[in-house]
Structures are given as structure tokens and as C-alpha cells.
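Chains as they are written, first to last, in our numbering: chain Y, 52 to 212; chain B, 124 to 910.
Where a beta carbon is used, it is the ideal one built from N, C-alpha and C, also for glycine.
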């Protein structure tokens, strides 16, 4: 079937099978490999992207479901001039990434949290991130980064279209 | 003068690409005309393969090849080797069974590779694999150590009687016997060190390519040590000259030990690529990772500690049975022996130690290194015993440790190691202070009012890392050297490229190693680039594991930079018309001592490549190699303090405080060091509370084979950590660095369990096994209250 969506601010059309997952569309068909796959049971959260501003696990959504919708992946988060999004900058400044594999999903989840609850407490941040595994950081600096980003004036995710 | 050299908390150079989603992990790489490989794995722990019927699979859409163990044998693809020969007490060598990349005749664990399907797409390969008809004759299995050592147990290998691979020992049994004879008391404990799965978040992946015109093989793989993989592929799997093989480990999404080893899939993609004449990619699904990544730990220990009335340790006897799995993984045999038995002195002056380790085969995934590798298992035994001794003698657990700490260096232990430096009192005192140990009683009382049981526990661990002196490990059975390499290339414009044999997969080498060079050359950090992971670019190196990269690899870089500085001095002296001995190098400048006549490092570099006015007889260029072979292990040590609250109604344990004070030697980048400790501590809390690779005794089925049943620590399961460092330098490497990657997973588990036991001791609970799940803790409370 043929689908049309806005991806990282640009119109995209693609021919997909009914069974094609959103993450497969992004990684295999469109070459956006910043979205990662870390499990096959929707637990790890490495594949989180935004669909209409809400974070979703792209391994759990069919590509066909994003027809007519707005999708933002990690590649669409930074500004067009290459400046990091405040959440990406906070992850850098707080050393909230090590191997970097969980990072795109972690950042996308955190961006939605800060958008929805700018004053989130440490406990709320930890609870929100329960769907994102990180094996490297012990979560300590990730929590600090989200707290730091929450103090920066909120900006909408994604490039302006 | 550089401000971002050694000790500076600079932010990481590698972050930007990873944050933008522009990292390049193995599965991100698409090779032209690439095909996909799917592995058919055994659903049985032990079975004879009667027949494989592949006609329907071969005829399925898109299928290019179906290959089995028979094809592998027919083409004489070599077996996977193991890297360390262990001898038993009686001098006999370990049983070393074959480990083919695809099972031949028999499968020996759930997940054992049986056949591969190569197809145009991932889906086609997977669908065709389902059409493969494999006729298994199921055989009885031994899924656990207990089952494997029971009389009449099914044998994993006919040649391994009683399923024993080796029965190793270290130490002095006579001295231990004598110590026990004069003991005031003997503290005894049976311990399980639970089997865990490393679970790097990036699943393993590999892409094989073969060039028919040149005979060159290229492998992209999720590896912690690409050169070792290349060596083993060339020498064992394909018997081709090593220079015909290139192994690239690009961005790797965490390793934790699991990506050290040389795996069957690395052979299979290259072999398949040669067969189909196109690139072949395999990427593990997580369910495959659970049954094919090497697991870790899995020890059963009986330990006895002889003490005098004041709590001084007189003698230690540890008798263990450890699980190696069905095959010997690359470093499977050294982990429970020379990375384990030699750690039983810990930071203590115990004068007599004897350790016995019987290693057995089971019908399970091979067991090998996971973060800490042998040292967490030893530390857990030792730190539980130290706490129990304190409790049984009614001495404060802190005081027991103080009474036994080693306080003079160098110190020769009774189990082979010689410690060069340390100050265990300093890290203990700092940790107690930071953790507010003295006022814990108030917090316990406050928790009690809320109906919670609060406990505090510590561990004062010591570990040995920075592996390792090649001659020493060679004499102990290692089949490799454990030096590290570096090549430092100064460009004509004065920028520097460092080629290292280590591999960074989260540790931040691209930043830390650049800081070492920036410091030594007095140039800004952004003028230094670190290259790793591609055997076509880097010198032969041994890779990253055992917290060795800074202590060994960083020392190689320091050594290479020193050679650069020395050669630059000759050039500078010539330009300055001064004697070499009169020229000093400082802050990026060569200066004639006592004058203001100077040449910058950049000018000297330019002269080396444009040698118009140049010392006679000196080679042009400014590039140096170094191989650094460590003189000893390094010995990080420290004190971890854990505070827990337990809900007595549910048995749920919450870690409410964790303090880690570690002496890791010289700290190059404190932000990166703290991050390593955070991650290691979370790993240790994971083992202590949540993680368990649980096999069924009889069927050998992995019962915790997905994230639905294997509990990974999540953000809400762990606290924020209080982390700091104390400092004594490593005395035998040029950086004074000891290593930090594993201290968290070594120090944390006993601190957590000691805290849990402390919370429950007043009920009569003496021990709780890891993982201390709500059920286990609840049962411990209930059983204790039954009296």
C-alpha cells in the first residue's frame, strides 16, 4: 500500500507492505538509522520516535498507521543549522550517553516528557523513562540531563517546516 | 598550555554523532547488493540431529543458500578455538571439545546453531527458515550445575566424565588446614552467584564480504577486539593468511564482555558471503541474543573463613563448582580460574588461602566474561564472609575490615598477586562519611515508623585489572599476549591522529586518549583524533576488556608520544642550533633552557615533513609506534555502601542510597570515570536484585529468555549515586592509571546483599541469595518468623 506522511518536516511517500513496521520503514527503506532496534518485545525503547508529537515505540507500530501523520525521528530533532536540540545538548553536557545505542530513543522519550511536564520531579522522570533501557549509564546522568533540559525554555521538537 | 589534558572534565568528542542519530553501528551499514542470513537454532537443549530436509526452504522465494553443519565440515571450516588452557590439580589438561560454527550430529544447548538460510531480504530468510524440516531425537539434558554433577547425569561430552572440564586449584591447602586448626571460630557460607546475561542494548550483528577477484574477506562486526577476531578467523576458521582478512568494529552499542568473544556468526556470514558471492548480513533478534550471547557468573560456592576472637582472618578455604556451558567460549576457562581464584585475598591480610574450582559442562549457552569477569564472584564470597564474621563475633562490620586491611605495599598475597599500591582506609573513611554511616540508626528508626525495614551494608573490594603481563599470563596458560599497541601520527600541520588497538564502545576513548596526547604534547584537544576498530587502519592490538584500555592502551599511547617528543627534540635542537640536552619540551614548545629561544611543536612537525633544514641522518616524518606490555596487574579498590528499604509485606527491596568511593589511580576525565562507576553500580544492583538467567534442570530450557522474564534494571529501580574517588597511583605504568570499567559491578552486589541482610538480621535472617527478588525476600522474612 502507498502511504504519505511528513517525516522530519518533509513530505514522504512510500510503498509498504501491511506488515512493515514503522522502524523498518525508517531504517531499511528511508536509511534513517538513528532509530535503533534493541529488542523484539517492545521493552527497550531504543526505537522511540514521535508521531504527532507523542513518543511511540516504532517497533510496535505499522508503517501504514502513520499515513497522513507527522513523524519525527532523532535525525529531525536538531535544528537545520546543526545546532543540537536542548535535550541533545543536555545529554552531551551531563555525559548522559556512553555507547549511544539507547540514546536516540531515550532523547525522544525525554523530549515528550519535558513538553508535557516541564517541572517533572526526579521520581517522575524515572517513572517516565521506565520503557527505555540503558545498560551503560546507570541512568544517573540521564536523569540529570532531563532535569537540566527541563530548565531550558521549551522548544517544539523537530525542524520547522 | 592545554586546559583539557589529564584530569580535565571535558565533554566527549564522540557525543555529537551519536546524539544526532548519525552513529554507525553494524546493522546501520548497508553493503551494495547485500543479502540476509537467518540462523536456525536448536529448540532443544540436547538432541541428535537425525536429518535436515532443506528442499522446501531452498525452493522458497528469494533463497540463495541453505547451509548446515555437514556443509561446514565438508568445506573444512575450522572450529572456534578457546584462548586459555587450564590444567587440573593432577596436572592433566582441561577437556577441550570441538566447537563448530554449526552443530554437527548433535545440538548441545537451546539456541545452538543448526543451519543458516541466506536470502534476498530479511523476511524471506526468516520465512524460508521456517520451512526447514529438522528431525531431532531428543536426549536427556543437564540444564544446571546441580543436574550436571548428579550421579548418572546426562553427559554434554562423552570425553568429559562427570561433565567435568577441569578441577583447578590455587593456594596452599596445608597452610589453610593449619590456620583452621588454631581458629577461634570458622564462619561458613554456601553462596550462589547467579547466572546473568550481559544484555548490551545493541544486539550482536555481522556483515561478511568476500572478494573473489582478490580473495579478500571483510567482516563488519559488533566486537570489542577486532584484531583478535581477525587472528582467529584466519588461523582457525578459514586457514587463510591474516592479511587477506579485514575486520571492522564500527560504533558498538555496549559490550560488557559479551562482544569480546569470537562467535560462530562471524564465521557464518563470511562463509556464506563466499558461497553466494555477495555481502551477507546477520543481525540478532533480542530473543536470539538471550540464547547465543555468552552468559556470565553461575558459580556455586562453599566458603569457610577461619577467624580469631578479635576477627582477624586466619585462613580461607573456598570450594566452588562453576558452569562453563556446553562449549568453551573464547575466554570461558580463564574467567573462573585466573581472573577469580587470585582475587581471594581481596584487600585483606588473610595469610593462608586455598581455592578449588571444578568447572563443568551443562546443556546451556557458553559462559564467559561479563563486566568484572571472575572478580565479582570472588568479591561476593569475600564480602559476604567479612560481614558474617562480624555478625557472628559481634564486631562492627567496619571494624572487622579495618583489622584485616593490608597496610603496607608492595604486598604479596598467598594467591599469586603482588599489589603495588592502595589505601583501603582512605576509601573506607570517605565512603562512610559520604554515606552518613554514623547516623544510619536515625534513618532506620524513621523507616520503621513507616513500616519499612531499612538496612545498610558495605563492601570493601579490591580487583585486579589492566590485564596483563604477557609472560605471566603465558605461563598460566594464555594463548595470547596481553600488551597493547598505539601508533601516533603527527600531521605536517601539527594535528595528531592516534591509532589504538583498543576498542571504545561507550568508554569514551576518543576523548580520554586525546586528553593524554593533548597533555603530553601541549596542544588543544580538538587537534587530536583517535582512530580505533578497523584492522586495516590500526596496529595489531588486543582490544578492550578487563578494564585494560587506559592502563595498557593509554600507556602505549603515552610511550608513543614520548618517542614523538624525543624525535621532535632532535629537530628542534637543530633548528635552534643548540645541543639536544639543552632543549626542553614544555607546554607545546621546545625551548633552549634558560633562554627565550623556542620552536613550537607545530613548527617542528612541519619541519619533519618539509625537511629542508634538517638534522643529518635523521629520518623525515613524525610518526611513532609503541607496544606496551604491562609489568603487573593494576589494583583498583574502594568502598561501596548501599542503603535499602524493604517492604516486609511484599518483600520488595528499594535501593534508597548508594555511595561508591573508588581508587582507580590517575583520573584522566572525572566525568567519564563517574559515568563508568554509575553504570557498573547499576549492573551490580541488577545482579543483586533482578537479573537471573534461569534454566530448567531437566529440559535445559532458558526460562528467562526475553525482557518479559529477564528483569533489566530500569530508571526507577536504581537511585542517584554518590560517587567520588580517592587516589593512589599505579606504580608501574606511565600514567599511574588503574582502571574503572568494572569496579561498580564488582563492588556493588555484596554491598546490596549485606544491606538486605542487615535490614532483616533482627528477624534471624542470615543470608539471602541473589537475585534478592521480592519472593525470595518475602520467604526469608516468613521463614525466619517461623523460627
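Since residue i meets chain B, which of its residues come closer than 7 Å, beta carbon to beta carbon?
i: residue 91 of chain Y; result: 408, 409 and 410
i: residue 95 of chain Y; result: 324 and 830
i: residue 135 of chain Y; result: 142
i: residue 129 of chain Y; result: 143
Using a 10 Å radius around the Cβ and a threshold of 16 neighbouring Cβ atoms, would you call residue i buried or exposed?
i: residue 305 of chain B; result: exposed
i: residue 297 of chain B; result: exposed
i: residue 215 of chain B; result: exposed
i: residue 716 of chain B; result: exposed
i: residue 665 of chain B; result: buried
i: residue 404 of chain B; result: buried
i: residue 221 of chain B; result: exposed
i: residue 56 of chain Y; result: buried
i: residue 577 of chain B; result: buried
i: residue 199 of chain B; result: exposed
Got a sec? Which residues, its chain only, sit under 7 Å from residue i by beta carbon, not counting five neighbours each side?
i: residue 174 of chain B; result: 258
i: residue 67 of chain Y; result: 52, 54, 76, 114 and 115
i: residue 204 of chain B; result: 355 and 359
i: residue 322 of chain B; result: 835
i: residue 501 of chain B; result: 463, 466 and 467
Tell me which residues share the same chain as residue i and place their Cβ nearer than 8 Å to its Cβ, disregarding the 5 neighbours each side in the sequence.
i: residue 743 of chain B; result: 731, 732, 734 and 737
i: residue 795 of chain B; result: 135, 630, 631, 634 and 635
i: residue 619 of chain B; result: 611, 612, 613, 640, 644, 646, 650, 651 and 652
i: residue 157 of chain B; result: 330, 401, 402, 403 and 404
By the criterion of Cβ-Cβ separation under 7 Å, what are the contact partners of residue i in chain Y?
i: residue 145 of chain B; result: 85
i: residue 628 of chain B; result: 150
i: residue 805 of chain B; result: 189 and 190
Give the residues of chain Y in contact with residue i, contact being defined as C-beta atoms less than 9 Å apart.
i: residue 306 of chain B; result: Near residue 306 of chain B there are no residues of chain Y at all, since even the closest Cβ is about 40 Å away, more than 9 Å.
So which residues of chain Y does residue i contact, with C-beta pairs closer than 8 Å?
i: residue 323 of chain B; result: 150, 152 and 186
i: residue 794 of chain B; result: 146
Give me the Cα-Cα distance between residue i and residue j, rounded to the nearest whole angstrom.
i: residue 900 of chain B; j: residue 557 of chain B; result: 28 Å
i: residue 510 of chain B; j: residue 288 of chain B; result: 33 Å
i: residue 684 of chain B; j: residue 240 of chain B; result: 49 Å
i: residue 236 of chain B; j: residue 225 of chain B; result: 5 Å
i: residue 302 of chain B; j: residue 480 of chain B; result: 21 Å
i: residue 674 of chain B; j: residue 680 of chain B; result: 10 Å
i: residue 208 of chain Y; j: residue 142 of chain Y; result: In this prediction, residue 208 of chain Y has a pLDDT of 44, which is less than 50 and means its spatial position is unreliable; what the coordinates show is noted afterwards. Going from the Cα of residue 208 of chain Y to the Cα of residue 142 of chain Y covers about 15 Å.
i: residue 104 of chain Y; j: residue 171 of chain B; result: 53 Å
i: residue 824 of chain B; j: residue 144 of chain Y; result: 44 Å
i: residue 891 of chain B; j: residue 490 of chain B; result: 24 Å
i: residue 907 of chain B; j: residue 888 of chain B; result: 6 Å
i: residue 326 of chain B; j: residue 81 of chain Y; result: 21 Å
i: residue 760 of chain B; j: residue 835 of chain B; result: 26 Å
i: residue 829 of chain B; j: residue 295 of chain B; result: 43 Å
i: residue 700 of chain B; j: residue 854 of chain B; result: 37 Å
i: residue 211 of chain B; j: residue 460 of chain B; result: 11 Å
Taking only beta-carbon atoms, is residue i less than 8 Å away from chain A?
i: residue 143 of chain Y; result: Protein chains in the displayed structure are Y and B, and chain A is not among them.
So with CB distances below 9 Å, who are the chain B contacts of residue i?
i: residue 98 of chain Y; result: Neighbours of residue 98 of chain Y on chain B: none; closest Cβ ~11 Å, over 9 Å.
i: residue 124 of chain Y; result: 144
Who are the Cβ neighbours of residue i in its own chain at under 6 Å, not counting the five residues just before and after it?
i: residue 212 of chain Y; result: Only weak support is given to the placement of residue 212 of chain Y: the predicted model assigns it a pLDDT of 33, under 50, and the value that follows is read from those uncertain coordinates. Hits under 6 Å: 60.
i: residue 549 of chain B; result: 849
i: residue 669 of chain B; result: 588 and 590
i: residue 596 of chain B; result: 605
i: residue 601 of chain B; result: 207
i: residue 421 of chain B; result: 318, 446 and 490
> Quick one, which residues of the stretch 147-165 of chain Y are near chain B if we go by CB-CB under 8 Å, in chain order?
Replying inline: If you check each beta-carbon in the stretch 147-165 of chain Y against every beta-carbon of chain B, the ones closer than 8 Å belong to 148, 149, 150, 151, 152, 153, 154, 155 and 158.
>> Give me the subset of the stretch 834-859 of chain B whose CB atoms are less than 9 Å from a CB atom of chain Y, sorted by chain position.
In response: For the stretch 834-859 of chain B, which is checked against every Cβ of chain Y, the residues closer than 9 Å are 835, 836, 837, 838, 839, 840, 841, 842, 843, 844 and 846.
> Closer than 9 Å, Cβ to any Cβ of chain B: which residues of the stretch 170-198 of chain Y, in chain order?
Replying inline: Contact annotation: in the stretch 170-198 of chain Y, residues whose CB is within less than 9 Å of a CB in chain B are 173, 174, 176, 177, 178, 179, 180, 181, 182, 183, 184, 185, 186, 187, 188, 189, 190, 191, 192, 193, 194 and 195.
>> Tell me which residues of the stretch 143-172 of chain B have at least one Cβ-Cβ distance to chain Y shorter than 9 Å, keeping chain order.
In response: When C-beta distances to chain Y are compared with 9 Å, the residues of the stretch 143-172 of chain B below that value are 143, 144, 145, 146, 147, 148, 150, 151, 152 and 153, in chain order.
>> Please list, in chain order, the residues of the stretch 364-391 of chain B that have any C-beta partner in chain Y closer than 9 Å.
In response: Against chain Y - using a Cβ distance shorter than 9 Å - the residues of the stretch 364-391 of chain B are 374, 375, 376, 377, 378 and 379.
> At a Cβ cut of 9 Å, what residues of the stretch 552-575 of chain B count as close to chain Y, listed as they run along the chain?
Replying inline: Identification of residues in the stretch 552-575 of chain B having a C-beta nearer than 9 Å to some C-beta of chain Y yields an empty set.
>> What are the residues in the stretch 391-405 of chain B lying within 8 Å of chain Y by C-beta distance?
In response: Contact residues of the stretch 391-405 of chain B toward chain Y are absent (C-beta to C-beta distance below 8 Å).
> Using a Cβ cut-off of 7 Å, which residues of the stretch 877-903 of chain B contact any Cβ in chain Y, in chain order?
Replying inline: Correct list: empty, as no residue qualifies.
> Of the residues that make up the stretch 192-206 of chain B, which ones have a beta carbon closer than 8 Å to any beta carbon in chain Y?
Replying inline: Residues of the stretch 192-206 of chain B with a C-beta less than 8 Å from any C-beta of chain Y: none at all.
> Which of the residues in the stretch 124-136 of chain B, read from start to end, lie with their CB under 8 Å from any CB of chain Y?
Replying inline: So the list reads 134 and 135, given in the order they occur along the chain.
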